[in-house]
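Chains as they are written, first to last, in UniProt numbering: chain S, 1 to 397; chain L, 1 to 397; chain W, 1 to 397; chain Z, 1 to 397.
Glycine included, C-beta positions come from ideal geometry on N, C-alpha and C.
There are 4 protein chains.
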Amino acid sequence: MSERIVLAYSGGLDTSVAIGWIAEETGREVVAVAVDVGQGGEDLEVIRKRALDCGAVEAAVADARDEFAEGFCLPALRANALYMDRYPLVSALSRPLIVKHLAEAARAHGASTVAHGCTGKGNDQVRFEVGVGALAPDLDVIAPVRDFAWTREKAIAWAEERSLPIDVNKRSPYSIDQNVWGRAVETGFLEDIWNGPIEDVYSYTANPAEPREPDEVVVGFEAGVPVTLDGQKVSVLQAIEQLNQRAGGQGIGRLDMVEDRLVGIKSREVYEAPGAIALITAHQELENVTLEREQARFKRQVEQRWGELVYDGLWFSPLRRSLDAFVDTTQEHVTGEIRMTLHGGRAVPTGRRSAQSLYDFNLATYDEGDLFDQSLAKGFVQLWGLPSKIAAKRDLG
Amino acid sequence: MSERIVLAYSGGLDTSVAIGWIAEETGREVVAVAVDVGQGGEDLEVIRKRALDCGAVEAAVADARDEFAEGFCLPALRANALYMDRYPLVSALSRPLIVKHLAEAARAHGASTVAHGCTGKGNDQVRFEVGVGALAPDLDVIAPVRDFAWTREKAIAWAEERSLPIDVNKRSPYSIDQNVWGRAVETGFLEDIWNGPIEDVYSYTANPAEPREPDEVVVGFEAGVPVTLDGQKVSVLQAIEQLNQRAGGQGIGRLDMVEDRLVGIKSREVYEAPGAIALITAHQELENVTLEREQARFKRQVEQRWGELVYDGLWFSPLRRSLDAFVDTTQEHVTGEIRMTLHGGRAVPTGRRSAQSLYDFNLATYDEGDLFDQSLAKGFVQLWGLPSKIAAKRDLG
Amino acid sequence: MSERIVLAYSGGLDTSVAIGWIAEETGREVVAVAVDVGQGGEDLEVIRKRALDCGAVEAAVADARDEFAEGFCLPALRANALYMDRYPLVSALSRPLIVKHLAEAARAHGASTVAHGCTGKGNDQVRFEVGVGALAPDLDVIAPVRDFAWTREKAIAWAEERSLPIDVNKRSPYSIDQNVWGRAVETGFLEDIWNGPIEDVYSYTANPAEPREPDEVVVGFEAGVPVTLDGQKVSVLQAIEQLNQRAGGQGIGRLDMVEDRLVGIKSREVYEAPGAIALITAHQELENVTLEREQARFKRQVEQRWGELVYDGLWFSPLRRSLDAFVDTTQEHVTGEIRMTLHGGRAVPTGRRSAQSLYDFNLATYDEGDLFDQSLAKGFVQLWGLPSKIAAKRDLG
Amino acid sequence: MSERIVLAYSGGLDTSVAIGWIAEETGREVVAVAVDVGQGGEDLEVIRKRALDCGAVEAAVADARDEFAEGFCLPALRANALYMDRYPLVSALSRPLIVKHLAEAARAHGASTVAHGCTGKGNDQVRFEVGVGALAPDLDVIAPVRDFAWTREKAIAWAEERSLPIDVNKRSPYSIDQNVWGRAVETGFLEDIWNGPIEDVYSYTANPAEPREPDEVVVGFEAGVPVTLDGQKVSVLQAIEQLNQRAGGQGIGRLDMVEDRLVGIKSREVYEAPGAIALITAHQELENVTLEREQARFKRQVEQRWGELVYDGLWFSPLRRSLDAFVDTTQEHVTGEIRMTLHGGRAVPTGRRSAQSLYDFNLATYDEGDLFDQSLAKGFVQLWGLPSKIAAKRDLG
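This is the structure we're talking about:
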């Protein structure tokens, strides 16, 4: 068996061409690996056949949708992960899963190298290569687009010369990455950050401005895991998929932002993540009801760092595991139901109920039954304010 | 001149009764102080006369709307202050301003004591008393509702006995605090956290679910200060007021949450803050365009602490001044314009332009003119991932 | 069985008097509970008898030294817990353990109330009462010294009137709290913060200024737990005790500081903690060798919060458990040996060896065998500095 | 005038050879720039002449000791900057100052490129290049040692061939960087991290183990700036220099640690920083006396980030300026005196006095004159513990 290269294969033009190109350049056999993370589109079997037709010595496809939902989207949900308080880490979550499959395929097929199709100015190259380094530090990585300055034009010419079974004309004006957790869109006219997105950009979400009837959903969680929708048992994957439909149908989860990439530049990004945003919204409100105050306050810092770390390609790092250990302990009591209205681009919690609630009606109420002992407040207020009072005596003196 | 007591006066039943009650209990003269922070409602002169009619020896009213907007709302905007990532600190911002006026009135009128009408289970007592302690540590504070277990029923009886010029029947089912930055509503049926709010609860915002035409606004900032709306010069107060109208007219800024009070309990709160939410949304996006990455990341921690601190009644504390110093330096380049669509309860940025932008088209574009040197990326990625790669070699070994 | 009160009993004057005084005041039976946390001094059996002689209906004593070392000192060591970067939380660690024993005794003896002898201006009242609230929220707490303004003079008079078997003249000029993790001393002349401590203040440590031979020790850790001293197996308790002797004999661990109490005032404190400081020093250096960089950086924030939280009496809080979960995951590889010189008041690491080391000689060396690929550095440096370079172009422009 | 290159010149072998080598390789004129940051050693004029003798077309030397002390060491002192809680950032502080002089020299001499002699595996390359990028983003940087794999052996051969006026045999076994803030030493035998340092390694500090008389010093600060030693006015530079002598004479400030470099590896470092450690120790204790608690707590996070940022080469970044703004506001009241004993390797505060003190004897004392109102404590403790009590009721239930 010759030394092989495992290629992260999407079925599209660039990676289809890469199969043959890498084989020619390196003289080594190429194994194509495609992973279904809920991106939709073509059947995995079609993709597998195309890889072989394009010259792959083997082609492996994997339905990793449940693994993705449970092992990657769920930790993000429990961490309410929103990079820059906005972006639910769509691509940043799928890359480590793909890396895991690549590393396993490399072991299975005796490959010493993996290849990916990322450019040199994005975040995904970091996520791929740092991930490979952390899961399989002995593997080499090649990145033809980046390291050999490979352009789309070159790819098309290469494909036409060799009559590869790819429709090179089916070019979308958009550069898209999508999975069950969301969808990212880049395109030329949005690189002018004064331009607004047009409806054509969107695919997971309906136009929130169009009049339609509101939808109401009750999301049930157990220990921070979404387990029911309107009382029906669902898997994590089903919860996301069904809310992609229902929240997406109400135009929820559109994002348009300027974002700080790890490679040092700012970029303009448009995202859609209806299920992710609806679930995070419900989860945050259930945490408001069930987490103790100081734990909740520190968790926000943990959440911010979690989002930065995963965005920055450090999923497989010791810190992510430690942050997850923190988050896991906070989720023990995040059990209960959140009722939300889905409408007009907004997921709005309107009710919450939980046997684990820390909201105590008898302490909170201003009506009869009030058990809160107001006589304690004066001493509390006095000592709470004592440090700033002492400082004030000095500063005003 | 006898020793006087300065009372924070709202014009409502409780503080109207308090005037006479405090006078009777303490044998001292009561000076009523009312501050207009944009709460709307009655004319200040009407309020002033009522205070005198209820027995105040003097009554001072102040239009502090511009002072509130510039000295309190603006720092909150620059800090993107959202307690628990949601609540824009409506009451928490007005209390320190009122305290400032109370302390000044105490000096002016030779009073040694101030009084407020807060209960013993809310946050506002803390904000009043810690504020007084920090601004005028020599003043005493009395809180009849809390310290003398004073109830509404007692107040009504007291008012009727003495024929005070107050309509004791005009009782709202809602407990409301409002100012130009927003409006807070509590009421009995919302103390059951499974109940959703009804339309009757809201006053600053129209129903977002009703069909209407979208509004589009361009907010211009200079150094983090909103200075224009659609190109027209505005003061900070005008910016908030006009966006209260326009964003409120589109149903923007409604909040319904369970919140952690400083006194140790969770409470259910409904807020409306159309102008605040629209301005913070625009400001955040302009920061995305104009702040350097590491500065922006640390600023999020500063913002969280700022919100907690002000919520917790520590406006007049050394830490708030230090956090503000941090924030101020970040705002130097937050200059430019954000175009937003206001519609259906959402304020959505669709365009940004700034002479201070750090978004560099030539580094970001994937089209012609790309100046980003992709050959630098490999080294970056390798060294960025080196710590987790070294750890992986150990951990997998 | 009448309703009983469980009293945290130390054997000293105040709590001896409290037994009878509480019984008289409340008409209830008092159960005395004394816990050995390594404070030394009298035999537990002597203390037990004194409690009975003073009127306790029952007296329970517990040797909790191993429990204290493993359940309280060890988490503090793994968190490198130093409040205000100095104080290793001596009393703050023993209080929750004592609370645990009190709560268990209350259950065992059918008591509905616990009592402690703390004053109203220290931290320990918080640790006792918040701890009781968290472990046994149904129990009441009474604090005679604080709530009944009980003074030492009153206690002496009370003891003499009733001829209690206590030597009321054996009064130390020092107020001392000590356990195996360290010793805290307060005294009148140190309340003038310009006065330095005198040798008489110290008991756990020899004078570091006296000439003596250095000592060298090798501390071995497994997963963050000290397990050997100079190659000899030790329990956590033995590690602390032996280092109290050896490091104490070299004058290590003396601390003299002004500290921020939770009740809002600053106080002057003198501490001795030879074993704690020696162990934390060794542990920190072993972490330097075995923790990945980003994990270590965030752990510092966790450590700070851990120290504040435990100082502030929140040992039994959800956040402490979550912080511990974070810390636990970081300790998995903190295995190896640190060689330290103990001398002249300093514990100085001079060598470290670990099979779990992330220090890689071949990457670090400047001599032959260097495997670090310096060609990667240029790209790294360029992209690392890109955000500040882009900002500079704007700011200088 | 031909296009010139400005070289950071130390006077040593490597950069002396670099002058001619760069000239030959690039065909451009080399301007040598040497900056005195208190590293001692040769006279600046000797260094200047050597640069010219080695072929520099111009040689500029600058005594930047006061600028370094006031502009770089002082902010570090006010931030109590200790990377990894240990290292006072000796080299990390001098690099940005040198960069500033290089950039100014490049402007003055019409150079479009700067050059430095750093290797590709250290932190200093980052500090140089990111600094240049931030101060003069138009300048190019060359790094012969890194980019042309230049070795010491090559340098010696090159120097001998051309008979450069350098003593190539005067080779120290140590790689040293020093300035007035401290001294860093690396050497082959210390790359084995089990080996302890030998006395020969040290130059700024006497052996702390040798018996000698203690020294006592009173350091006076005004607004966080050291202004007196034992009552004598000093400049910042003088304060550091005199304490380098006095604390160094007592063996204070030796550090031996394994450290996380920005380029992803761990390295073994030995430092001496007697003046820095003595000043930071005094400054921290004065802050304990004069900073309000919450401000002090958050400042620790700011300090940690400050240290990381400057260590990581981001001195000239927007975040450093914002962190400094925070720190500056905290220093307003850091005025007063700290008395320290210097002895046996330890700087130990024994007394503090300050007109700005927040330590209030009458609140702190347990003797007569106690003004602390203990009756306030019960309410405080109850509400402080309420969140964990409510959580406990749920969790134990």
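| query | result |
| --- | --- |
| Runs of beta strand (DSSP E) wholly within the region 327-355 of chain S (minimum 3 residues, chain order) | 336-343, 346-353 |
| Where the alpha helix (DSSP H) containing C395 (chain Z) begins and where it ends | A small correction: the amino acid at residue 395 (chain Z) is Asp; Cys does not occupy that position in the sequence shown. Its alpha helix (DSSP H) spans residues 386-396. |
| Short CB-CB distance (under 8 angstroms) between I156 (chain Z) and chain W | no |
| Residues bridged to G220 (chain S) (per DSSP) | S:T228, S:E337 |
| Where the beta strand (DSSP E) containing S267 (chain S) begins and where it ends | 266-272 |
| Touching by the beta-carbon criterion (3+ pairs, under 8 angstroms), the region 23-34 of chain L and the region 42-62 of chain L | yes |
| Among L:T228, L:I265, L:R300, the one whose alpha carbon lies nearest that of T335 (chain L) | L:T228 |
| Boundaries (first-last residue) of the beta strand (DSSP E) holding Q178 (chain Z) | 174-179 |
| Coil, strand or helix - A23 (chain L) by DSSP | helix |
| Q374 (chain L) and T119 (chain S) closer than 8 angstroms at C-beta | yes |
| Residue closest to Q178 (chain W), alpha-carbon to alpha-carbon, out of W:D328, W:A276, W:L77 | W:A276 |
| Contact between the region 351-370 of chain L and the region 90-100 of chain S (3+ Cβ pairs under 8 angstroms) | no |
| Beta carbon proximity, F221 (chain S) to chain L, threshold 8 angstroms | no |
| S91 (chain S), DSSP secondary structure in three states | helix |
| First and last residue of the uninterrupted alpha helix (DSSP H) at A296 (chain S) | 293-311 |
| Span of the alpha helix (DSSP H), counted from its first residue to its last, around E161 (chain Z) | 152-161 |
| Interface flag, E292 (chain W) vs chain S, CB-CB below 8 angstroms | yes |
| Option nearest G20 (chain W) by Cα separation, candidates W:V217, W:E241, W:S163 | W:S163 |
| Identified DSSP bridge partners for E29 (chain W) | W:R4 |
| Cα-Cα separation, P197 (chain S) to D256 (chain S) | 8 angstroms |
| Contact list for R305 (chain Z) against chain L, beta-carbon separation under 7 angstroms | F298 |
| Cβ shell of A76 (chain S) (< 7 angstroms), same chain only, five flanking positions each side left out | P88, L89, L93 |
| Whole-angstrom C-beta distance between R146 (chain L) and Q125 (chain L), which should lie under 8 angstroms | 6 angstroms |
| Closest by C-alpha distance to V348 (chain S), when choosing among S:I47, S:V141, S:L286, S:E70 | S:L286 |
| Extent of the continuous beta strand (DSSP E) to which A59 (chain W) belongs | 58-63 |
| Min CB distance D328 (chain L) to chain Z below 8 angstroms | yes |
| Residues of its chain near R78 (chain S), where Cβ-Cβ distance is below 7 angstroms and the 5 sequence neighbours each way are ignored | G224, V327, Q331 |
| Closest residue to I280 (chain W) among W:G40, W:E210, W:G253 (Cα-Cα distance) | W:G253 |
| Neighbouring residues, chain Z, relative to L363 (chain W) (Cβ below 7 angstroms) | I265 |
| Nearest candidate by alpha-carbon position, reference I5 (chain L), set L:E45, L:G313, L:G110 | L:G110 |
| Length-filtered (3 minimum) beta strand (DSSP E) runs lying within the region 84-136 of chain Z | 111-115 |
| Pair within 8 angstroms by beta-carbon distance, V263 (chain Z) and G38 (chain Z) | no |
| Paired residues, beta bridge with L255 (chain L) - DSSP | L:Y271 |
| Span of the alpha helix (DSSP H) around E45 (chain Z) | 44-53 |
| Under 8 angstroms between C-beta atoms of F128 (chain Z) and R95 (chain Z) | yes |
| Cα-Cα separation, D63 (chain Z) to V236 (chain Z) | 15 angstroms |
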